[in-house]
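Have a look at the structure below, then the notes.
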Amino acid sequence: IVEGPLDKTRINVLKQEPLLVTILRAGLPYFQGFINVFDRADAAFVGAYRDEFAHELTVRTEYITTPALTGREVILVDPMLA
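For the sequence shown, position 54 (counting from the first letter as 1) is numbered 54 according to full-length UniProt numbering, and the numbering increases by one without interruption.
The following block contains the structure:
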């Protein structure tokens, strides 16, 4: 329970630090803010881009590095998700 200036409320607390995932390069400024809050979190990075010449929306992934995902809470830090 957290007590604020107006009331008390229940919050969920993570059992372990989350895995922070960002998409290079656009997500890096946001990622820096999240890593400042979750300073012991593991990090994962994805290098992806839209194929401008494809007739349909196509996303190409060229680089992925991540620790094990099993049983982890994942926060995807990317400005395009808004």
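Glycine included, every Cβ here is placed at the ideal spot set by N, Cα and C.
Check, Outcome
"From 46, 76, 50, residue whose alpha carbon lies closest to that of residue 63", "46"
"Three-state secondary structure assigned by DSSP to residue 1", "coil"
"Euclidean distance between Cα positions of residue 9 and residue 57", "43 angstroms"
"DSSP bridge partner residues for residue 48 (one or two, in chain order)", "61"
"Residues sharing a beta bridge with residue 8, DSSP", "3"
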